[in-house]
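Only one structure is covered here, and it is reproduced in the block below.
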Amino acid sequence: MNYSFNPAVKYNSVGSFKLGDVFFTSDKPAKAYKLIYDSTETNFPYILLCLDDAISIQSFDDIPTIEDIEDNIGEIKFTVPKEKLLLVIN
1240 MNYSFNPAVK
1250 YNSVGSFKLG
1260 DVFFTSDKPA
1270 KAYKLIYDST
1280 ETNFPYILLC
1290 LDDAISIQSF
1300 DDIPTIEDIE
1310 DNIGEIKFTV
1320 PKEKLLLVIN
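Next comes the structure, spelled out in structure tokens:
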């Protein structure tokens, strides 16, 4: 999937994120992931999704740490706040 960003977007340093932010890995090509909250799920409501292929990677019972996320997807290069990102799928 190709991604393009508004040049004014401020990237977050890896280590701080909010629910809904998008994570980009250091892989070539980079992959995008998003942590979402499923209010209908009682045991593991936090779900890590790969946006490139719409696959659920891992479910968590509490908000995971960056280290927990990287254990599942590899090194995170940067995060983008959900309010600042527009993904267009062709």
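Residue numbers for the sequence shown, in my numbering: 1240 to 1329. A virtual CB, placed ideally from N, CA and C, is assigned to each residue, including glycine. Treat the numbers as computed from the prediction; the structure is a model and nothing was measured.
Check your understanding: Are three or more beta carbon pairs between the segment 1277-1286 and the segment 1307-1320 nearer than 8 Å?
Key -> no
Check your understanding: Helix, strand or coil: which one does DSSP assign to isoleucine 1294?
Key -> strand
**Study point:** Helix, strand or coil at isoleucine 1315 according to DSSP, with G and I counted as helix
**Key:** strand
Review point. Since leucine 1288 is in the beta strand (DSSP E), which residue starts that stretch and which ends it?
Key: 1285-1289
Check your understanding: Taking C-alpha atoms, which residue in Pro1320, Leu1274, Lys1323, Val1319 lies nearest to isoleucine 1312?
Key -> Leu1274
Review point. For isoleucine 1305, which three-state DSSP category applies?
Key: helix
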